[in-house]
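Visitor:
Number of protein chains: 2
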Amino acid sequence: MARVSETGIPQDGGSPVRAGVPEHGRVPKYYAVRLLVTELVDGLPEGRVLPTERELAERFGAARETVRQALRDLLLEGRLRRRGRGTAVAGAKLEQPLSLASYTEGVRRQGRSPGRTLVDLRSWPCPAKLAVELGLGEGEPVWHMERVLWADDERVGLESTYVAVERAPRLDVEFDPDSSFYSYLRERGEAFAGADERLETVLATPREALLIGTPPALPMLLIHRLSRDGQGRPLERVRSLYRGDRFSFTARLERSDPDS
Amino acid sequence: MARVSETGIPQDGGSPVRAGVPEHGRVPKYYAVRLLVTELVDGLPEGRVLPTERELAERFGAARETVRQALRDLLLEGRLRRRGRGTAVAGAKLEQPLSLASYTEGVRRQGRSPGRTLVDLRSWPCPAKLAVELGLGEGEPVWHMERVLWADDERVGLESTYVAVERAPRLDVEFDPDSSFYSYLRERGEAFAGADERLETVLATPREALLIGTPPALPMLLIHRLSRDGQGRPLERVRSLYRGDRFSFTARLERSDPDS
């Protein structure tokens, strides 16, 4: 079965062997059904509810279990979403810029309403590894603030912020958890000069899936951030987890890298 | 069961209800086993082979199917890797900078040997959508070059490059597929001035899993790149797919964003 990439150039077919890799032309049954469902979805507007598993199974002459596996793939990738007991066509993924702008600003730029719900805010004795990252002594008090991230009425992520209590002694009484922590820091005169980020894909843990309301083991995008103040000292450590089916990240690269 | 995050601060336990989210303390059995296996893995050096599923099942008093699910999770996340019929402790993920440096340069900086194997190189009439992106007329000839990416003796990704034939008319006879395409362009006097990238997580298709040698439906990191020449014109469109269990991406952000 031919497959067309997002550029429109077919990616399958051709000679039987390419560079030692057999292009045998056989595709697992569930994937063939996935292609048929994808074709169906491509022709439907966002929000349209799909026919039931049984109806799709009849239409495509496939077992319901096969249809379910194909739908599961498209749910994990964000082409479809749950709608009550059914399945609907999902909108495009949010595109969040990899920049020093906060989550709040990034979501607003896309015309969505950002929100944050506090899960936990308390101070802990700083563990050894985090102390090294934050330039603190082991055992010095550090805030852990955990918030669920919202876009409109949808939970889309989970963010843990670690910052020395010394940097923001009254965080627990002054700070509105449904606002931007960076704005709060700026108002307090803390310069926010740069950050190192590392982005990877992980599976949601049961607790994370519960907090974000996703199916367990959904692929997530995890961003580790260590930000610096104007003097180059570590300011905060952040662990941001975003639904892989709802988010993508963008970067604009300019020619300033001397090695490239 | 308490869970400790990578910062060392426990993420579970505490009050029964936090911000309306039940912290009920119950964890699926496979996840409890996953925590036990993670603890075991943390104490072992890279490359060490784990006890068999049966041995782990006996040790943890769990069903083999439960152990298998826990191991599958840790394989997908890259903590473990297949070693023959067994399972071994994996090394850290590669950290590839999001920069204009090529794959080749990024991998070399980490002391690994980059390699590329050609899957396909041929010219096609440019489809409409790609034509818009590349600033070409629909139907103008465009190269599609597809290469498997290697790090040492391991297949780690799959890259599709689309470039107008006019830009590199002799690509098929001049270019060594196991070298850097950017070096080739530079040698031909093509300036490479910047790029827009978009990064998301997707599942490997059966064909991609076959080419890269991964289990099907492994979460992958997909980077879409559109690069520009010195005049700001589109130069090439690239679709790079990296094993999510083997790669992470890093970015250094500086305070130059006027909106932040």
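Residue numbers (my numbering), protein chains in the order written: chain A, -17 to 242; chain B, -17 to 242. Ideal placement from N, C-alpha and C gives every residue a C-beta, glycine not left out.
1) With distances taken between CB atoms, is the gap from Ala77 (chain B) to Ser230 (chain B) smaller than 8 Å?
2) Look at the Cβ atom of Val89 (chain A), then the Cβ atom of Glu128 (chain A), and state whether they are nearer than 8 Å.
3) Counting only the same chain and skipping the five closest in sequence on each side, list residues whose C-beta sits under 6 Å from that of Tyr224 (chain A).
4) Using three-state DSSP, classify Gln51 (chain A) as helix, strand or coil.
5) Using only alpha-carbon positions, find the residue among B:Arg36, B:Val19, B:Gly214 and B:Val15 that is nearest to Gly117 (chain B).
6) Would the stretch 197 to 211 of chain B count as touching the stretch 173 to 187 of chain B if we require 3 or more Cβ pairs under 8 Å?
7) Going along chain B, which residues have a C-beta under 9 Å from Tyr166 (chain A)?
8) Does the CB of Thr183 (chain A) have a neighbour CB from chain B at under 8 Å?
9) With Gly176 (chain B) as the anchor, note down where its beta strand (DSSP E) starts and where it stops.
10) Does the distance from the CB of Val130 (chain B) to the CB of Leu192 (chain B) come in under 8 Å?
11) Taking beta-carbon pairs under 8 Å, can you tell me which members of the stretch 155 to 180 of chain A lie near chain B?
12) List, in chain order, every chain A residue whose beta-carbon is nearer than 8 Å to that of Phe231 (chain B).
13) In this structure, how does DSSP classify Thr196 (chain A) when only helix, strand and coil are distinguished?
14) Is there a C-beta anywhere in chain A that falls below 8 Å from the one on Ser222 (chain B)?
15) Taking buried to mean at least 16 other C-beta atoms within 10 Å of its own C-beta, is Lys75 (chain B) buried or exposed?
16) Can you list, in chain order, the residues of its chain with a C-beta nearer than 6 Å to that of Leu26 (chain A)? Leave out the 5 residues immediately preceding and following it.
17) If we count the other Cβ atoms within 10 Å of its Cβ and call it buried at 16 or more, is Gly212 (chain A) buried or exposed?
18) Exposed or buried, Gly60 (chain A), counting other C-beta atoms within 10 Å across all chains shown (16 or more means buried)?
19) I need the straight-line Cα distance from Arg98 (chain B) to Arg152 (chain A), nearest angstrom please.
20) Using a beta-carbon distance cut-off of less than 9 Å, what residues from the stretch 21 to 34 of chain B approach chain A?
21) In whole angstroms, what is the alpha-carbon distance linking Gly68 (chain B) and Thr34 (chain B)?
22) Just list the alpha helix (DSSP H) runs in the stretch 74 to 98 of chain A, keeping only unbroken ones of 4 residues or longer that don't cross its boundaries, in chain order.
23) Is the CB-CB distance between Pro201 (chain B) and Pro10 (chain A) below 8 Å?
24) Within a Cβ cutoff of 7 Å, which residues of the same chain sit near Gln51 (chain B), ignoring the five residues on either side of it in sequence?
25) List the residues of chain B that Glu236 (chain A) touches, going by C-beta distances under 7 Å, in chain order.
26) How far does the alpha helix (DSSP H) with Thr20 (chain A) in it reach, from first residue to last?
27) Determine, using beta carbons only, whether Pro216 (chain B) comes closer than 8 Å to chain A.
28) When you compare only the Cα positions, how much space is there between Gly121 (chain A) and Ser105 (chain A)?
29) Is there at least one Cβ from chain A nearer than 8 Å to Asp135 (chain B)'s Cβ?
30) Is the beta carbon of Glu42 (chain A) less than 8 Å from the beta carbon of Val23 (chain A)?
31) According to DSSP, is Ala146 (chain A) helix, strand or coil?
32) Going by C-alpha distance, which of A:Glu156, A:Asp55, A:Glu37 and A:Pro79 is nearest Thr20 (chain A)?
33) Spell out whether any CB of chain B is found under 8 Å from the CB atom of Asp55 (chain A).
34) Taking CB distances under 8 Å as the criterion, tell me whether Ser81 (chain A) reaches chain B.
35) Apart from the five residues just before and just after Glu236 (chain B), which ones in its own chain have a Cβ nearer than 6 Å to its Cβ?
Guide: So, to answer that:
1) Here residue 77 (chain B) is Glu; the residue named in the question, Ala, does not match the sequence. With contacts defined by Cβ atoms closer than 8 Å, Glu77 (chain B) and Ser230 (chain B) form a contacting pair.
2) The answer is no: Cβ separation not under 8 Å.
3) Scanning its chain for C-beta atoms nearer than 6 Å, with the 5 sequence neighbours on each side dropped, one finds around Tyr224 (chain A) the residues Gly139 and Leu203, in chain order.
4) Correct three-state label for Gln51 (chain A): helix.
5) A check of alpha carbon separations from Gly117 (chain B) across B:Arg36, B:Val19, B:Gly214 and B:Val15 identifies B:Gly214 as the nearest.
6) The stretch 197 to 211 of chain B is in contact with the stretch 173 to 187 of chain B.
7) Correct list: empty, because the minimum Cβ distance to chain B is about 14 Å.
8) With 8 Å as the cut-off, Thr183 (chain A) counts as an interface residue toward chain B.
9) Gly176 to Leu185 is the span of the beta strand (DSSP E), which, as asked, contains Gly176 (chain B).
10) No Cβ-Cβ contact shorter than 8 Å links Val130 (chain B) with Leu192 (chain B).
11) Contact residues of the stretch 155 to 180 of chain A toward chain B are Tyr164, Phe174, Ala175, Gly176, Ala177, Asp178, Glu179 and Arg180 (C-beta to C-beta distance below 8 Å).
12) Those within 8 Å of Phe231 (chain B) in chain A are Arg180, Leu181 and Glu182.
13) When secondary structure is reduced to three states using DSSP, Thr196 (chain A) falls in the coil class, being assigned neither helix nor strand.
14) No, because no Cβ of chain A sits closer than 8 Å to the Cβ of Ser222 (chain B).
15) Buried is the call here.
16) Setting aside the 5 residues that flank it on each side, Leu26 (chain A) is surrounded in the same chain by Val71, each with a C-beta closer than 6 Å to its C-beta; the list follows chain order.
17) That one is exposed.
18) Under a 10 Å Cβ-count criterion, Gly60 (chain A) is classified as buried, with 16 or more other Cβ atoms of the shown protein chains found around its own Cβ.
19) Take the alpha-carbon of Arg98 (chain B) and the one of Arg152 (chain A): they are about 54 Å apart.
20) Those would be none; no residue qualifies.
21) Whole-angstrom Cα-Cα distance: 7 Å.
22) Correct list: 85 to 91.
23) Result no, Cβ atoms of Pro201 (chain B) and Pro10 (chain A) do not sit closer than 8 Å.
24) The answer, listed in chain order, is Tyr12.
25) Neighbours of Glu236 (chain A) on chain B, chain order: Gly176.
26) Counting along the chain, the unbroken alpha helix (DSSP H) around Thr20 (chain A) starts and ends at Lys11 to Asp24.
27) For Pro216 (chain B), no CB of chain A lies under 8 Å from its own CB, so it is not counted at the interface with that chain.
28) Here the alpha carbon of Gly121 (chain A) sits roughly 11 Å from the alpha carbon of Ser105 (chain A).
29) Output row for Asp135 (chain B): interface = no.
30) According to the sequence as given, residue 42 (chain A) is Phe; it is not Glu. Not in contact: Phe42 (chain A) and Val23 (chain A) (Cβ atoms no closer than 8 Å).
31) The DSSP-derived three-state label of Ala146 (chain A) is strand.
32) Checked all of A:Glu156, A:Asp55, A:Glu37 and A:Pro79; the closest Cα to Thr20 (chain A) is A:Asp55.
33) Chain B contact via Cβ: present.
34) Answer yes: the Cβ-Cβ gap between Ser81 (chain A) and chain B drops below 8 Å somewhere.
35) Excluding sequence neighbours, Glu236 (chain B) sits near nothing in its chain.
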